[in-house]
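**Student:** Following this note's numbering, the numbering of the sequence shown begins with 1199 at its first residue and continues without gaps.
Think of the CB as a built atom: it goes at the ideal place given N, C-alpha and C, for glycine as much as any other residue.
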Amino acid sequence: MNLHNIFTVYLKELKDTLRDRRSLMSMIIIPTFVMPALTFGVGKIAAGVVSKAREETPAVMIVGGDDSPGVAAALRQDKKLKVVPTAADWKQQISDKKVRAAVLIPAGFEAGLKAGAADPVVIYNYDGELKSGFAVSELEKFFRDLRDQTVTARLAERALPATLVKPFDLRRENVAAPEKVGGNLLGGIVPYLIIILCFTGAMYPAMDLTAGEKERGTMETLLCSPVARVDLVLGKFLMVLTGSLSAMLLSLTSMGLSAMAAGMMFGGGGGAKLAAAAMQAKAAGTAMPMIDPVGLLGVVGMVLPVAVLFSAVIFTVALFAKSYKEAQSYVAPMVFLIIMPAVVGMLPGIDLNARLALVPILNLSLVCKEMLSGIWHWNYIVLIFGSSCVYAAVALTLAVKMFNREDVIFRA
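The following block contains the structure:
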């Protein structure tokens, strides 16, 4: 093994790769812009949709309530609700989104309230529909207020204190730092994106440096050079690894900058005190990070052996192809094998343990999620990093062996 030869092959492949538009897209352009697009593009659109839905006064129907004119009149006077005439097909109209919800006021409701008991009020809605959910929230608030007013009036009639039914208040305050809140919120999607981008960053250079070389007829020229096979394969492999790592580093840098900008624009993490601190940081012109920077550095370290694994596996698989198109048909299905464990790592309730720490990709997704949330289980971190290094070493050894087999390179 000659380091000078490896570096020479690497530089040659780097120059060739930088001329390939597909490789540049997967290595540089997509990783750089995917996080800003998600943060400020999709996020802004989603926030706009929710804001617009909140501004709309939802149309609701009152079913029944003929003998409860006071409640019906109060509902019609509520400025946050638009009560429309009741139709016979009111359930179908909710399903068709013509109205957002309906409230069934049982017979004798007001009389029951005065007597001390009333049948339950039923709210009908369209589960999962955003505007219907807002309508339900307003209706529930209306009837909660009505219930509280009724209780207060009954206590006043009996000269009893209001604290009899509400002896204390309950408040909730967040004690986590904004970056931990942000890391907990983004900890599922960020490792998923990094894994996918790390894989796709290696995919196109690997196919071009193996099947692409065969298709152009330049593989034979390389093999006839005085450079040892192991130097050739390691030089090419380093180029594939560069593609994977560049995609990972650019995506992390882009994500970090986007998170800091989002912290300034959207007020950092949750909680009243944290929101106030975020506003102070914004007024001072400083950034309040939504993700722990130390966690990002930890993610970089954990991704390194996985990037080696991806690069070696894709390189080996693409080596069997005789053309670039054939290589795509081999490598493209591997994306789904990568996505599945990455998605499992996003699911709630999946906690890291010794057994899952040995499952490739899934272990990376889980440990990165914890790191971004500020949780550092060093025993699992060491186990995952060590196992990933072993998998990467095995994959790289296999890549070198396959490149030394002429029946693989010149497969008929």
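Buried or exposed: E1418, going by 16 or more other Cβ atoms within 10 Å of its Cβ?
**Tutor:** Residue numbering aside, residue 1418 sits at position 220 when the sequence shown is read from its first letter. Answer is exposed; the Cβ neighbour count stays below 16.
**Student:** Which same chain residues, not among the five before or five after L1209, have their C-beta less than 8 angstroms away from its C-beta?
**Tutor:** The residue labelled residue 1209 in the question sits at position 11 within the sequence shown. Cβ within range, chain order: n/a, list empty.
**Student:** Give me the Cα-Cα distance between V1248 and S1456, rounded to the nearest whole angstrom.
**Tutor:** Residue 1248 sits at position 50 when you count from the first residue of the sequence shown. Residue 1456 sits at position 258 when you count from the first residue of the sequence shown. Taking the straight line from one Cα to the other gives about 21 angstroms.
**Student:** How many whole angstroms separate the CB atoms of V1232 and A1257, which I take to be in contact at a CB cut-off of 8 angstroms?
**Tutor:** Position 34 of the sequence shown, counting from 1, holds the residue named residue 1232. Position 59 of the sequence shown, counting from 1, holds the residue named residue 1257. Taking a contact as a CB-CB distance under 8 angstroms, the pair V1232 and A1257 does not count as one, their CB atoms being some 39 angstroms apart.
**Student:** Alpha carbon to alpha carbon, what distance is there between G1310 and A1270?
**Tutor:** The residue given as residue 1270 occupies position 72 in the sequence shown. The residue given as residue 1310 occupies position 112 in the sequence shown. Computed Cα separation, rounded: 15 angstroms.
**Student:** Is it buried or exposed for W1288, if we count other Cβ within 10 angstroms and need 16 for buried?
**Tutor:** As a working mapping, residue 1288 is identified with position 90 in the sequence shown. By the 10 Å Cβ count, W1288 comes out buried.
**Student:** Under 8 angstroms, Cβ to Cβ, is there at least one residue of chain B near Y1528?
**Tutor:** Of the protein chains in this structure there is only one, and it is not chain B.
**Student:** Exposed or buried, T1416, counting other C-beta atoms within 10 Å across all chains shown (16 or more means buried)?
**Tutor:** Counting from one through the sequence shown, the residue named residue 1416 turns up at place 218. With fewer than 16 neighbouring CB atoms inside 10 Å of its own CB, T1416 falls in the exposed class.
**Student:** Measuring CA to CA, which of A1552, I1559 and A1555 is closest to A1540?
**Tutor:** Here residue 1540 corresponds to residue number 342 of the sequence shown, with the count starting at 1. For A1540, the nearest C-alpha among the options comes from I1559.
**Student:** Note down the Cα distance separating S1521 from I1579, rounded to an integer number of angstroms.
**Tutor:** One-based indexing of the sequence shown puts residue 1521 at position 323. One-based indexing of the sequence shown puts residue 1579 at position 381. Cα-Cα distance, rounded: 40 angstroms.
**Student:** Give me the residue from V1492, A1590, V1297 and T1255 with the minimum Cα distance to S1509.
**Tutor:** By 1-based counting over the sequence shown, the position of residue 1509 is 311. Cα-wise, what sits closest to S1509 is A1590.
**Student:** Beta-carbon within less than 8 angstroms of D1346's beta-carbon, same chain only, minus the 5 sequence neighbours each way: which residues are those?
**Tutor:** Locating residue 1346 in the sequence shown gives position 148, counting from the first residue. Excluding sequence neighbours, D1346 sits near nothing in its chain.
**Student:** Is there contact between the stretch 1597 to 1607 and the stretch 1519 to 1539, where contact requires at least three CB pairs shorter than 8 angstroms?
**Tutor:** no
**Student:** Could you pull the DSSP bridge partners for L1302 from this structure?
**Tutor:** Start at 1 with the first residue of the sequence shown, and residue 1302 comes out as number 104. DSSP lists V1261 and V1320 as partners of L1302.
**Student:** For K1277, report the span of its beta strand (DSSP E) as first-last.
**Tutor:** Here residue 1277 corresponds to residue number 79 of the sequence shown, with the count starting at 1. From DSSP, K1277 is part of no beta strand (DSSP E); its letter is neither H nor E.
**Student:** Relative to the alpha-carbon of F1601, which residue among A1426, G1499, L1554 and L1447 has its alpha-carbon at the smallest distance?
**Tutor:** Here residue 1601 is taken as the residue at index 403 of the sequence shown, counted from 1. Shortest Cα-Cα distance from F1601 to any of A1426, G1499, L1554 and L1447 involves A1426.
**Student:** Taking the continuous alpha helix (DSSP H) assigned at R1414, which residues delimit it?
**Tutor:** The count along the sequence shown starts at 1 and reaches residue 1414 at position 216. Here the alpha helix (DSSP H) through R1414 covers E1411 to R1414.
**Student:** DSSP has V1282 in a bridge; who is on the other side?
**Tutor:** Numbered from 1 along the sequence shown, position 84 holds the residue referred to as residue 1282. In DSSP, V1282 forms a bridge with M1259.
**Student:** Let's test the definition: count the other Cβ atoms within 10 Å of the Cβ of F1534 and tell me whether it reaches 16, buried, or not, exposed.
**Tutor:** Within the sequence shown, numbered from 1, the residue matching residue 1534 stands at position 336. A residue is called buried when at least 16 other Cβ atoms come within 10 angstroms of its Cβ; F1534 does not meet this threshold and is exposed.
**Student:** With three or more C-beta pairs closer than 8 angstroms as the rule, is the stretch 1500 to 1518 touching the stretch 1390 to 1410?
**Tutor:** Counting Cβ pairs under 8 angstroms, three or more are found: they touch.
**Student:** Just to confirm before moving on: does the CB-CB distance between E1327 and D1265 stay below 8 angstroms?
**Tutor:** The residue you call residue 1327 lines up with position 129 of the sequence shown. The residue you call residue 1265 lines up with position 67 of the sequence shown. Not closer than 8 angstroms, so no.
**Student:** Taking all protein chains shown into account, do 16 or more other C-beta atoms lie within 10 angstroms of the C-beta of V1301, making it buried, or fewer, making it exposed?
**Tutor:** Position 103 of the sequence shown, counting from 1, holds the residue named residue 1301. Label assigned to V1301: buried.
**Student:** Comparing C-alpha positions only, which one of T1255, N1551, A1445 and G1331 sits nearest to P1229?
**Tutor:** Taking the first residue of the sequence shown as position 1, residue 1229 is located at position 31. Closest by alpha carbon: A1445.
**Student:** Grouping DSSP H, G and I as helix and E and B as strand, with all else coil, what is M1199?
**Tutor:** Translated into positions along the sequence shown, residue 1199 becomes position 1. In the structure shown, M1199 sits in coil (DSSP, three-state: anything other than H, G, I, E or B).
**Student:** Between which residues of its own chain and N1323 is the CB-CB distance below 6 angstroms, once the five residues before and five after are set aside?
**Tutor:** On the sequence shown, residue 1323 is found 125 positions in, with the first residue counted as 1. Around N1323: A1299, S1330 and V1334.
**Student:** State the DSSP-derived secondary structure class of S1571, mapped to helix, strand or coil.
**Tutor:** On the sequence shown, position 373 is the one that residue 1571 refers to. In the structure shown, the three-state DSSP call for S1571 is coil.
**Student:** Can you grab the Cα-Cα spacing for the pair D1214 / L1222, in whole Å?
**Tutor:** Taking the first residue of the sequence shown as position 1, residue 1214 is located at position 16. Taking the first residue of the sequence shown as position 1, residue 1222 is located at position 24. Using only the alpha carbons, I get a separation of about 11 angstroms.
**Student:** Which residues in the same chain have their Cβ closer than 6 angstroms to the Cβ of E1411, if we skip the five residues on either side of it in sequence?
**Tutor:** Counting from one through the sequence shown, the residue named residue 1411 turns up at place 213. Excluding sequence neighbours, E1411 sits near M1417.
**Student:** What is the rounded straight-line gap between the Cα of R1356 and the Cα of P1365?
**Tutor:** As a position in the sequence shown, residue 1356 is number 158, starting the count at 1. As a position in the sequence shown, residue 1365 is number 167, starting the count at 1. So the two alpha carbons sit approximately 17 angstroms from each other.
**Student:** Give the secondary structure of V1289 by DSSP, where H, G and I count as helix, E and B as strand, and everything else as coil.
**Tutor:** Along the sequence shown, one-based indexing puts residue 1289 at 91. Per the sequence shown, the amino acid found at residue 1289 is Lys instead of Val. If DSSP states are grouped into helix, strand and coil, K1289 belongs with the helices.
**Student:** Quick check on DSSP: helix, strand or coil for I1607?
**Tutor:** Start at 1 with the first residue of the sequence shown, and residue 1607 comes out as number 409. I1607: helix per DSSP, three-state reduction.
**Student:** In whole angstroms, what separates the C-alpha of R1370 from that of T1361?
**Tutor:** Here residue 1370 corresponds to residue number 172 of the sequence shown, with the count starting at 1. Here residue 1361 corresponds to residue number 163 of the sequence shown, with the count starting at 1. One C-alpha to the other measures close to 20 angstroms.
**Student:** Tell me whether M1486 sits in a helix, a strand or coil according to DSSP, three-state version.
**Tutor:** Looking up residue 1486 in the sequence shown gives position 288. Any reading at M1486 must be qualified, since the residue scores a pLDDT of 46, below 50, and its modelled position is unreliable; the value itself is stated next. Coil.
**Student:** Given a cut-off of 8 angstroms, decide if F1332 and L1273 are closer than it, judged by their beta-carbon atoms.
**Tutor:** Taking the sequence shown and counting its residues from 1, the one referred to as residue 1273 is at position 75. Taking the sequence shown and counting its residues from 1, the one referred to as residue 1332 is at position 134. Against a cut-off of 8 angstroms, the Cβ pair of F1332 and L1273 comes out as no contact.
**Student:** Can you give the Cα-Cα distance for V1565 and L1550, rounded to whole angstroms?
**Tutor:** Numbered from its first residue, the sequence shown carries residue 1565 at position 367. Numbered from its first residue, the sequence shown carries residue 1550 at position 352. Their backbone Cα atoms lie some 7 angstroms apart in a straight line.
**Student:** Apart from the five residues just before and just after M1569, which ones in its own chain have a Cβ nearer than 7 angstroms to its Cβ?
**Tutor:** Mapped onto the sequence shown, residue 1569 falls at position 371. Excluding sequence neighbours, M1569 sits near G1493, G1496 and V1497.
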